[in-house]
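Participant: This is the structure I want to talk about, given as structure tokens.
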Amino acid sequence: MQELHDAPLAPLTTFRLGGPATRLITAGTDAEVIAAVREADGSGTPLLVIGGGSNLVIGDEGFEGTALRIATEGFSLDGTRLELAAGEVWTDAVARTVEAGLAGIECLAGIPGSAGATPIQNVGAYGQEVSSTITEVIAYDRRTRETVVIPNAECAFSYRHSRFKADPDRFVVLRVRFALEDAAGLSAPLKYAETARALGVEPGDRVPLAEARETVLKLRTGKGMVLDPEDHDTWSAGSFFTNPILTDEAFAAFRARVRERLGEEAQPPAYPAGDGHTKTSAAWLIDRAGFTKGYGTGPARISTKHTLALTNRGDATTEDLLVLAREVVAGVREAFGITLVNEPVTVGVTL
């Protein structure tokens, strides 16, 4: 276990933003993770758990307490059963499952971060969510001070949400287990129209696993959603806002607002989201509210490739980022009456 004091945290995040931690511990085994958590809890020291840092916005003042970086390793396949240590690099794990000929997470290629973060956020993209393949999450329960195995049904998964996100100070994810599919080298049925179009097939079709993964990587790269140190469009947390889910009544009011602002023929994106609810597009809202690709003149700007990503152009501060985020939230609310919700976790700051 490695320990540093007054340790910079910005290099551990994909935004490359944030001040230092009083202490930074890097844990390479589950036992070291648990020991660090127990020590912090026992002494009443604030604890910040860091995986791949792809979903974190840390304040410029940093973190007064112990930052625990989970760097555990472990990739185990038993037939179609996969177990990943929390510190495994997610996009590398996806590549290995594709190489093994197993379907279920191939459309989640290119997503930055660690495996342990995937159940917390119920990571999803291009028609797949980890909740559809996760069978169990092994975690340390800070309340009972023991390691627990939590089955899928008890994870309370929903859109970009879970039991772990709802109660962020209780569980520290150690390992994640998945049930994948052996479809003779083919992908799971494609659910996302953009992916199907790019592959020249229909939604519901299967394609060779490698083709599905490569296509998703190309689509993500085109939107600045695959990490590249030389591309400031990727100095981000990916999608900064979640897609709003509205009640039927709220969606009707929103649609009326859209027609009033954009004309009678204007139709906002609408996707079924369960009984009495409709999901719309945060990117569409941002763009139609006047925040187009590349918006901004300061060191924090909207990506030149995708309106849903806020980016650090190289010398931004966290406050620069928050000023931009607040401007976007206020502009969308004024234009359409919808308040966007940030997807990244904020540490020491709020929108």
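Counting from 1449, one number per residue, gives the positions in the sequence shown under the numbering used here. From the three backbone atoms N, C-alpha and C, an ideal C-beta is built for every residue, glycine too. No experiment lies behind these values; they were computed from the predicted model shown.
Is it a yes or a no for the region 1487-1501 touching the region 1761-1780, going by three-plus beta-carbon pairs under 8 angstroms?
Facilitator: Not touching, per the Cβ criterion.
Participant: Just the Cα atoms here: how many angstroms apart are Leu1408 and Leu1665?
Facilitator: With the chain covering 1449 to 1799 only, the question about residue 1408 has no answer from this structure.
Participant: Thinking C-alpha only, which one of Glu1697, Trp1732, Cys1603, Thr1643 is nearest Leu1710?
Facilitator: Minimum Cα distance to Leu1710 is reached at Trp1732.
Participant: Of all the options Arg1464, Thr1583, Tyr1574, Arg1590, which has the alpha carbon lying nearest to the alpha carbon of Ala1484?
Facilitator: Checked all of Arg1464, Thr1583, Tyr1574, Arg1590; the closest Cα to Ala1484 is Arg1590.
Participant: Please classify Ser1524 as buried or exposed, where buried requires at least 16 neighbouring CB atoms within 10 angstroms.
Facilitator: By the neighbour-count rule (16 or more Cβ atoms within 10 Å), Ser1524 is not buried but exposed.
Participant: What whole-angstrom Cβ distance do Ala1783 and Ala1748 have, given they're in contact under 8 angstroms?
Facilitator: Not really, about 21 angstroms apart at Cβ, beyond 8 angstroms.
Participant: Tell me whether Asp1723 is buried or exposed, calling it buried when 16 or more other Cβ atoms sit within 10 Å of its Cβ.
Facilitator: By the neighbour-count rule (16 or more Cβ atoms within 10 Å), Asp1723 is not buried but exposed.
Participant: Give the DSSP-derived three-state secondary structure of Asn1600 in the structure shown.
Facilitator: Asn1600 falls in the helix class under three-state DSSP.
Participant: Cβ atoms of Gly1501 and Thr1462: under 9 angstroms apart, would you say?
Facilitator: Contact: yes.
Participant: Taking the alpha helix (DSSP H) that Thr1450 falls in, what are its first and last residues?
Facilitator: First, the residue type needs correcting, since residue 1450 is Gln and not Thr in the sequence shown. Note, Gln1450: premise wrong, no alpha helix (DSSP H); beta strand (DSSP E) at 1450-1456.
Participant: If contacts are defined as beta-carbon pairs under 8 angstroms, then Glu1536 and Ala1563 qualify, I think. What distance do you get, rounded to the angstrom?
Facilitator: Right, the Cβ-Cβ distance comes to about 4 angstroms (below 8 angstroms), so this counts as a contact.
Participant: Decide yes or no for the touch test of the region 1599-1614 against the region 1511-1526: beta carbon pairs closer than 8 angstroms, at least 3 of them.
Facilitator: The region 1599-1614, when compared against the region 1511-1526, does not touch it at the 8 angstroms Cβ threshold.
Participant: Which whole-angstrom value describes the C-beta separation of Leu1530 and Arg1625, a residue pair presumed to lie in contact below a C-beta threshold of 8 angstroms?
Facilitator: Contact holds; Cβ gap of about 7 angstroms.
Participant: Going by C-alpha distance, which of Thr1669, Phe1688, Ala1660 is nearest Asp1679?
Facilitator: The shortest C-alpha separation from Asp1679 is found at Thr1669.
Participant: Nearest CA to the CA of Ala1701: which residue from Tyr1743, Asn1503, Gly1785?
Facilitator: Comparing Cα positions, the closest option is Gly1785.
Participant: I need the straight-line Cα distance from Leu1622 to Leu1799, nearest angstrom please.
Facilitator: Each residue's Cα considered, the two are about 30 angstroms apart.
Participant: Given a threshold of 16 other Cβ atoms within 10 Å of its Cβ, counted over all protein chains shown, does Asp1681 qualify as buried or as exposed?
Facilitator: Result: buried.
Participant: Exposed or buried, Tyr1743, counting other C-beta atoms within 10 Å across all chains shown (16 or more means buried)?
Facilitator: Flag for Tyr1743 reads buried.
Participant: Nearer than 8 angstroms: is that true of the beta carbon of Thr1474 relative to any heavy atom of the ligand ADP?
Facilitator: Although the ligand ADP was asked about, the structure shown includes no ligands whatsoever.
Participant: Tell me which same chain residues have a C-beta within less than 7 angstroms of the C-beta of Ile1568, skipping the five on either side of it?
Facilitator: The residues are Ser1610, Phe1612, Lys1613, Val1621.
Participant: Could you spell out where the alpha helix (DSSP H) holding Phe1523 opens and where it closes?
Facilitator: From DSSP, Phe1523 is part of no alpha helix (DSSP H) but of the beta strand (DSSP E) over 1523-1526.
Participant: Whole angstroms is fine: what's the gap from Arg1618's alpha carbon to Leu1628's?
Facilitator: If I take the Cα positions, the gap works out to 28 angstroms.
Participant: Assuming contact is defined by CB atoms lying nearer than 9 angstroms, are Thr1728 and Leu1694 in contact in what I supplied?
Facilitator: Going by C-beta atoms, Thr1728 is nearer than 9 angstroms to Leu1694.
Participant: Pick helix, strand or coil for His1754, following the three-state DSSP scheme.
Facilitator: Three-state result, His1754: coil.
Participant: Roughly how far, in whole angstroms, is the beta-carbon of Gly1466 from the beta-carbon of Ile1506, given that I think they are within contact range, below 8 angstroms?
Facilitator: Right, their Cβ atoms sit about 3 angstroms apart.
Participant: Which residues in the same chain as Ala1698 place their Cβ atom closer than 6 angstroms to its Cβ, once the five residues preceding and following it in sequence are excluded?
Facilitator: So no residue of the chain qualifies.
Participant: Along the chain, where does the alpha helix (DSSP H) containing Val1568 start, and where does it finish?
Facilitator: This sequence places Ile at residue 1568; Val is not what is there. Note, Ile1568: alpha helix (DSSP H), 1566-1569.
Participant: Hey, how far is the Cα of His1754 from the Cα of Leu1516?
Facilitator: Roughly 32 angstroms between the two C-alpha positions.
Participant: So Ile1553 is in the alpha helix (DSSP H); what residue range does that whole segment cover?
Facilitator: Here Ile1553 belongs to no alpha helix (DSSP H), and DSSP marks it neither H nor E.
Participant: From this set, Ala1557, Glu1451, Ser1684, Asn1503, which residue's C-alpha is nearest Val1481's C-alpha?
Facilitator: With distances taken between Cα atoms, Val1481 lies closest to Glu1451.
Participant: With a cut-off of 8 angstroms on the beta carbons, I'd call Leu1667 and Ala1644 a contact; round off their distance for me.
Facilitator: In fact, because the Cβ distance is near 11 angstroms, the residues do not count as touching under 8 angstroms.
Participant: Please work out which residues of its chain come closer than 7 angstroms, Cβ to Cβ, to Ile1586, disregarding the five sequence neighbours upstream and downstream, and give them in chain order.
Facilitator: If we look at Ile1586 and ignore the five residues flanking it on each side, its Cβ neighbours are Thr1595, Val1597, Leu1622, Arg1623.
Participant: Are Leu1550 and Thr1583 closer than 9 angstroms when you measure CB to CB?
Facilitator: Contact: no.
Participant: Look at Thr1759 and Ser1687 and say whether their C-beta atoms are less than 9 angstroms apart.
Facilitator: No.
Participant: Considering only residues of the same chain and omitting the five flanking positions on each side of Phe1605, which have a CB-CB separation below 7 angstroms?
Facilitator: Asn1570, Ser1579, listed in sequence order.
Participant: Less than 8 angstroms between the CB atoms is what I'm expecting for Leu1788 and Val1795, so what's the real figure, rounded?
Facilitator: Going by Cβ atoms, the distance from Leu1788 to Val1795 rounds to 19 angstroms, so no, they are not a contact pair.
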